[in-house]
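*Asks:* My questions will all concern the structure given below.
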Amino acid sequence: MPIYALGDATPSIDPSAYVHPDAVIIGDVTIGAESSIWPGAVLRGDDGRIVIGARTSIQDNCVLHTTPMDHTIVGDDCVIGHIVHLEGCTISDGCLIGNAAMVLHRSVVHTGAIVAANSVVLYDVDIPSGALAVGSPAVIKPDRADATMIAQAAQSYVDRGRRFAAGLRRLDG
Numbered sequence: 006m007p008i009y010a011l012g013d014a015t016p017s018i019d020p021s022a023y024v025h026p027d028a029v030i031i032g033d034v035t036i037g038a039e040s041s042i043w044p045g046a047v048l049r050g051d052d053g054r055i056v057i058g059a060r061t062s063i064q065d066n067c068v069l070h071t072t073p074m075d076h077t078i079v080g081d082d083c084v085i086g087h088i089v090h091l092e093g094c095t096i097s098d099g100c101l102i103g104n105a106a107m108v109l110h111r112s113v114v115h116t117g118a119i120v121a122a123n124s125v126v127l128y129d130v131d132i133p134s135g136a137l138a139v140g141s142p143a144v145i146k147p148d149r150a151d152a153t154m155i156a157q158a159a160q161s162y163v164d165r166g167r168r169f170a171a172g173l174r175r176l177d178g
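Be aware that the sequence shown starts at 6, since it is given in this note's numbering, and climbs by one per residue.
Okay, structure coming up:
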């Protein structure tokens with residue numbers, strides 16, 4: 006897996022985390038215990054800090070980036086779906102960000118919220134705890150997020166990371 010220091014900024018990856026060999030980690034990036042980073046994901050901590058909490062999955066082809074003013078923080082027990090773009094935002098504990106969603110600068114997705122697939126959370130937006138945000142731009146729907154479903158999805162990726170760490174073998178050379 007390509008892991009790069011950038012100047013004095015060096016990634017810190019908990020030994021129990023799983024980082025797929027085709028993920029890219031650059032600069033000021035911290036990855037917590039039992040988290041997983043999947044193929045094609047790029048975590049580029051060049052202008053600011055990226056922090057991934059414990060038991061969080063960053064799935065295939067995600068892009069996490071920062072700005073000089075805004076760090077990207079993802080809490081514990083989060084599911085960040087395939088092709089998600091997070092830039093200069095905060096995702097609190099127990100959230101699910103659906104496939105191909107975007108969460109942009111200075112936005113905060115509070116504890117237990119869901120951002121639906123293909124949704125765009127624009128700049129400086131707060132998604133309340135337990136809320137369901139849908140659309141582009143994302144709006145809050147009256148439905149509530151399912152905390153049990155999010156917890157089960159997060160745990161499934163902890164288990165999957167362990168399975169890949171123990172058994173993934175490259176066959177083409």
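We put the beta carbon where it would ideally sit given N, CA and C, even for glycine.
Considering only their Cβ atoms, is the gap separating aspartate 131 from threonine 108 smaller than 8 Å?
*Replies:* Working through the sequence shown from its first residue, we reach residue 108 at position 103. Working through the sequence shown from its first residue, we reach residue 131 at position 126. Note that residue 108 is valine in the sequence shown here, rather than threonine. Not a contact, by the Cβ cut-off of 8 Å.
*Asks:* If we count the other Cβ atoms within 10 Å of its Cβ and call it buried at 16 or more, is histidine 26 buried or exposed?
*Replies:* Position 21 of the sequence shown, counting from 1, holds the residue named residue 26. Per the sequence shown, residue 26 should be read as proline rather than histidine. Per the 10 Å Cβ criterion, exposed.
*Asks:* When you compare each of Thr61, Ile88 and Pro142 to isoleucine 96 by their alpha carbons, which one comes out closest?
*Replies:* Translated into the one-based positions of the sequence shown, residue 96 becomes position 91. The residue with the shortest Cα to Cα distance from isoleucine 96 is Thr61.
*Asks:* I want to know whether the stretch 11 to 20 touches the stretch 154 to 167 - three or more CB-CB distances under 8 Å.
*Replies:* Flag = no, the stretch 11 to 20 and the stretch 154 to 167 do not touch.
*Asks:* Measure from the alpha carbon of leucine 48 to the alpha carbon of each residue in Gly172, Lys146 and Ile31, then state which is nearest.
*Replies:* Walking along the sequence shown from the start, residue 48 turns up at place 43. Selected option, being the one with the closest Cα: Ile31.
*Asks:* Are the CB atoms of histidine 90 and aspartate 65 within a distance shorter than 8 Å?
*Replies:* In the sequence shown, the residue the question calls residue 65 occupies position 60. In the sequence shown, the residue the question calls residue 90 occupies position 85. Contact flag unset, no.
*Asks:* Report the option in Leu137, Gly53, Ile155 and Cys67 whose CA atom is closest to the CA atom of proline 147.
*Replies:* Here residue 147 corresponds to residue number 142 of the sequence shown, with the count starting at 1. Ranking Leu137, Gly53, Ile155 and Cys67 by Cα distance to proline 147 puts Leu137 first.
*Asks:* Output the distance between the C-alpha atoms of alanine 105 and glycine 178, rounded to the nearest integer angstrom.
*Replies:* The residue given as residue 105 occupies position 100 in the sequence shown. The residue given as residue 178 occupies position 173 in the sequence shown. Taking the straight line from one Cα to the other gives about 32 Å.
*Asks:* Measure the beta-carbon distance from alanine 156 to tyrosine 23 and round it to whole angstroms, keeping in mind my assumption that it falls under 8 Å.
*Replies:* Locating residue 156 in the sequence shown gives position 151, counting from the first residue. Locating residue 23 in the sequence shown gives position 18, counting from the first residue. So it is not a contact: roughly 19 Å between Cβ atoms.
*Asks:* So serine 134 packs on alanine 121, CB below 8 Å; how close in whole Å?
*Replies:* Numbered from its first residue, the sequence shown carries residue 134 at position 129. Numbered from its first residue, the sequence shown carries residue 121 at position 116. The Cβ separation is near 16 Å, so there is no contact.
*Asks:* Give me the Cβ distance between threonine 71 and aspartate 52, rounded to the nearest whole Å; I'm assuming they're in contact under 8 Å.
*Replies:* Position 66 of the sequence shown, counting from 1, holds the residue named residue 71. Position 47 of the sequence shown, counting from 1, holds the residue named residue 52. Confirmed, Cβ separation roughly 5 Å.
*Asks:* Is the beta carbon of isoleucine 42 less than 8 Å from the beta carbon of alanine 59?
*Replies:* Stepping through the sequence shown from its first residue, residue 42 is reached at position 37. Stepping through the sequence shown from its first residue, residue 59 is reached at position 54. It is not a contact, given that the beta carbons lie outside the stated cut-off.
*Asks:* From the DSSP secondary-structure annotation, give me the bridge partner or partners of aspartate 65.
*Replies:* Here residue 65 refers to the residue found at position 60 of the sequence shown. Answer by DSSP bridge pairing: none, since aspartate 65 is not bridged.
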